[in-house]
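Here is the structure we will look at.
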Amino acid sequence: MAITSINQQAIEAIRRSDHTLICFPEAVSGDGVGSALGLARAFEAMRPGHQIDVISSGFLPDQQHRYRFLPGVDRVKSTIGQLHDLTIRVPLGGAEVRDVHHEVRNGHLEIRLSPTAGQIPSDHIEAAMSQFRYDLIIVLDCPDLGSLGVLYTAHAPFFQSTPIIAIDHAPEHERYGQINLIDLASAACGEVCARFLREVAPTCIDPDVATCLMAGIIAETRGFRSPKISVRTFEVTSKLLEVGARREEILEHLFRTKSIGQLQLWGRALSRLKADQDRKLVWTLVSQHDFLAARASEADLPDLVDELLVSSPDARVILVLFEQRDHTICVLARAPGGHENAAALLKSIGGVGDAGLARACLIPQDLQQAERTVLEVVRSGGVVK
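The opening position of the sequence shown corresponds to residue 258 in my numbering, with each subsequent residue numbered one higher.
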């Protein structure tokens, strides 16, 4: 199979990289998690020794539990850590160093160099920042860099000066990468990744890689129920099954296995379900008390959104407003069917995500007050009045 030009550019950049960052949206989805883990494992198999980190600022320990069946899920981190090292260069003037000591005193780092003989000159000492730790970034399932949330806003210079490969299936993608693998005909980012790997590194797709990518596809399409599903999607999933993708395990964990806490949380949320029939808008509220009483967590909310999709098939926008432990109010917005753009609806209140799923958080305030604010924004088409 001939490799397309854009895929050739991408695989060459990946092969040149020594340390790659793979990241996905702060509004965590199964598609982002599965795609990232699948690519990371495949690239490591392609070139042993290639260092790869997987990060999403929204990936909390609770989410790790939700996707615990995916191979390598424990490698996903929520923070990027230190991107630079500071190098201090001291000309020795011919002296030899016997000992190096350092200590922190009054907020300063003091370094003492003890020569074997003679004296180390104190002039011409240099200090410089090293290059960024990563030499390549792969951004998955993000129509814009803002969808990465705090990972991007806290490290914007890093993203602006490091080569980016962007992989997505969303028509609203801003093509911010130096290399953009955007396939609008695909139903999920996992499908785009699977096609890419089948073309450039088919032997690296083992059962674990296939399971991760298929999990992304199944999560994004809600078990192959999305209107974006096509014959191409089924062809890709068929090939993943051939190499050992564990479809039943994926379906069991994503759709069939529900904890008592999840069911109790659903009951509380469904009892408050509200609707605007004219706007085809459905929403509910989840307080911190609800989480505590049900022994559930924020990681259970994507399943709640999916349940609302099933119980409200005519809805064009589904909102779940929930209270975090610090009393910040956040909202998850789902826009099935392509009638609305979830990210656009929440953009004016700091929303991140894509057309299908977005998230925004407001300053600490009353849950009912936040409800009024969010509804006003959504009903006005994403404009703050």
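Heads up, the beta-carbon is just placed ideally off N, CA and C, and yes, glycines get one too. Note that the structure is predicted; figures quoted are calculated from it, not measured.
Can you tell me whether DSSP reads residue i as helix, strand or coil?
{"i": "L579", "result": "One detail in the question is off: residue 579 reads as Phe in this sequence, not Leu. It is a strand residue."}
{"i": "E597", "result": "coil"}
{"i": "C618", "result": "strand"}
{"i": "T490", "result": "helix"}
{"i": "T585", "result": "coil"}
{"i": "S516", "result": "coil"}
{"i": "A267", "result": "helix"}
{"i": "R455", "result": "helix"}
{"i": "R272", "result": "helix"}
{"i": "R573", "result": "coil"}
{"i": "V640", "result": "Low local confidence applies: a pLDDT of 49 at V640 is under 50, so the model's placement there is unreliable, with the coordinate-based value given in what follows. In the structure shown, V640 sits in coil (DSSP, three-state: anything other than H, G, I, E or B)."}
{"i": "T261", "result": "coil"}
{"i": "D547", "result": "helix"}
{"i": "R504", "result": "helix"}
{"i": "P282", "result": "coil"}
{"i": "S554", "result": "coil"}
{"i": "D563", "result": "helix"}
{"i": "D647", "result": "As shown, the chain starts at 258 and ends at 642. That puts residue 647 outside it, with no answer to give."}
{"i": "V631", "result": "helix"}
From the DSSP output, read off the bridge partner residues of residue i.
{"i": "S371", "result": "D356"}
{"i": "K531", "result": "W540"}
{"i": "G610", "result": "A615"}
{"i": "L624", "result": "Per DSSP, none; premise fails for L624."}
{"i": "R482", "result": "Paired residues: none, contrary to the question."}
{"i": "T277", "result": "I309 and L393"}
{"i": "R591", "result": "I575 and L614"}
Hey, residue i and residue j are a contact pair by Cβ (cut 8 Å); roughly how many whole angstroms apart?
{"i": "G473", "j": "G447", "result": "3 Å"}
{"i": "Y391", "j": "T419", "result": "6 Å"}
{"i": "E580", "j": "L624", "result": "6 Å"}
{"i": "A445", "j": "T478", "result": "6 Å"}
{"i": "I586", "j": "L558", "result": "Between L558 and I586 the Cβ distance is about 13 Å, and since that is not below 8 Å, they are no contact."}
{"i": "E301", "j": "I312", "result": "About 16 Å; that fails the 8 Å criterion."}
{"i": "L397", "j": "F281", "result": "5 Å"}
{"i": "V543", "j": "A526", "result": "5 Å"}
{"i": "G295", "j": "C399", "result": "Not quite, the Cβ-Cβ distance comes to about 17 Å (not below 8 Å), so this is no contact."}
{"i": "G518", "j": "A551", "result": "5 Å"}
{"i": "G613", "j": "R591", "result": "7 Å"}
{"i": "L372", "j": "V354", "result": "Per the sequence presented here, residue 372 reads as Pro, with Leu not at that position. At roughly 6 Å, the Cβ-Cβ gap stays under 8 Å, so P372 and V354 are in contact."}
{"i": "D275", "j": "S404", "result": "Wrong, their Cβ atoms sit about 26 Å apart, outside the cutoff."}
{"i": "R629", "j": "R536", "result": "Going by Cβ atoms, the distance from R629 to R536 rounds to 15 Å, so no, they are not a contact pair."}
{"i": "I421", "j": "I394", "result": "5 Å"}
Taking CB distances under 7 Å as the criterion, tell me whether residue i reaches chain B.
{"i": "C618", "result": "The displayed structure is made up of one protein chain only, and chain B is not part of it."}
Taking 6 Å as the cut-off, does the CB of residue i come closer than this to any heavy atom belonging to the ligand FAD?
{"i": "R273", "result": "In terms of ligand content, the structure shown is empty, and the ligand FAD therefore cannot be addressed."}
_Contained beta strand (DSSP E) runs [length at least 3] in the segment 304–366, N- to C-terminal order_ = Fully contained in the segment 304–366 are the following beta strand (DSSP E) runs of length 3 or more, in chain order: 308–312, 343–346 and 354–362.
*Count the C-beta pairs between the segment 341–361 and the segment 316–327 that are closer than 8 Å, then say yes if the count reaches three, no if not.*
no
*Within the segment 365–450, note down every full beta strand (DSSP E) run reaching 3 residues or more, in order along the chain.*
365–372, 383–386, 393–397, 421–425 and 436–439
*Are the segment 298–316 and the segment 499–506 touching by the rule of at least three beta carbon pairs closer than 8 Å?*
no
_With three or more beta-carbon pairs closer than 8 Å as the criterion, would you say the segment 606–618 touches the segment 568–577?_
As far as the Cβ criterion goes, the segment 606–618 does not touch the segment 568–577, which means the pair count is below three.
_Cβ contact check for the segment 485–497 and the segment 513–533: 3 or more pairs under 8 Å_ = no
*State whether the segment 260–275 contacts the segment 430–444, with contact taken as three or more CB pairs (one from each stretch) at a distance under 8 Å.*
Counting C-beta pairs with one atom in each stretch, the segment 260–275 and the segment 430–444 have three or more that are closer than 8 Å, which means they touch.
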